[in-house]
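In full-length UniProt numbering, the protein residues as written are 1 to 134. Glycine is no exception: its CB is placed at the ideal position from the N, C-alpha and C atoms. See structure below.
Okay, here's the thing in structure tokens:
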């Protein structure tokens, strides 16, 4: 996977690894070291010219953490998601509050995505808070 030129982008990705949001840090503690289904995840990793919050190369799965967003960020995320899908990755997104309030539900959705065969029909994952009355 090629990295974009310039040290500014690399420094930003390194900083995001070190100083991620509380939600990202908590999710990473559950993904790192092959803790989920024995799959290796990377954090803030380059795929083409974009950085994925988390990704598992062997399952071709990208997991994105979304916080409060403005219009420009939504448009950027849509372009990034389209690129990841074009490259053959499945992309699932979670709101930061979902990762904090219902980590087991988030992990269940990720676990399900890891077990889907590559190239299988993609469907939207259920909300991890579904049925919680929120």
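Note down the Cα distance separating residue i from residue j, rounded to an integer number of angstroms.
i, j, result
"residue 107", "residue 116", "14 angstroms"
"residue 114", "residue 88", "14 angstroms"
"residue 46", "residue 112", "24 angstroms"
"residue 30", "residue 58", "18 angstroms"
"residue 109", "residue 60", "15 angstroms"
"residue 83", "residue 22", "27 angstroms"
"residue 90", "residue 78", "14 angstroms"
"residue 44", "residue 92", "15 angstroms"
For residue i, which beta-bridge partners are listed by DSSP?
i, result
"residue 66", "95"
"residue 51", "46"
Can you have a look at residue i and say buried or exposed, based on whether 16 or more other CB atoms are within 10 angstroms of its CB?
i, result
"residue 67", "exposed"
"residue 124", "Because the pLDDT of residue 124 is 48, which lies under 50, any placement of that residue in the model is unreliable, and the question is left without a value."
"residue 27", "buried"
Are the C-beta of residue i and some C-beta of chain D separated by less than 8 angstroms?
i, result
"residue 114", "Absent here is chain D; the protein component of the structure consists of one chain."
Going by DSSP, what residue range makes up the alpha helix (DSSP H) through residue i?
i, result
"residue 30", "22-31"
"residue 112", "103-115"
"residue 85", "71-86"
Ends of the beta strand (DSSP E) at residue i?
i, result
"residue 45", "42-47"
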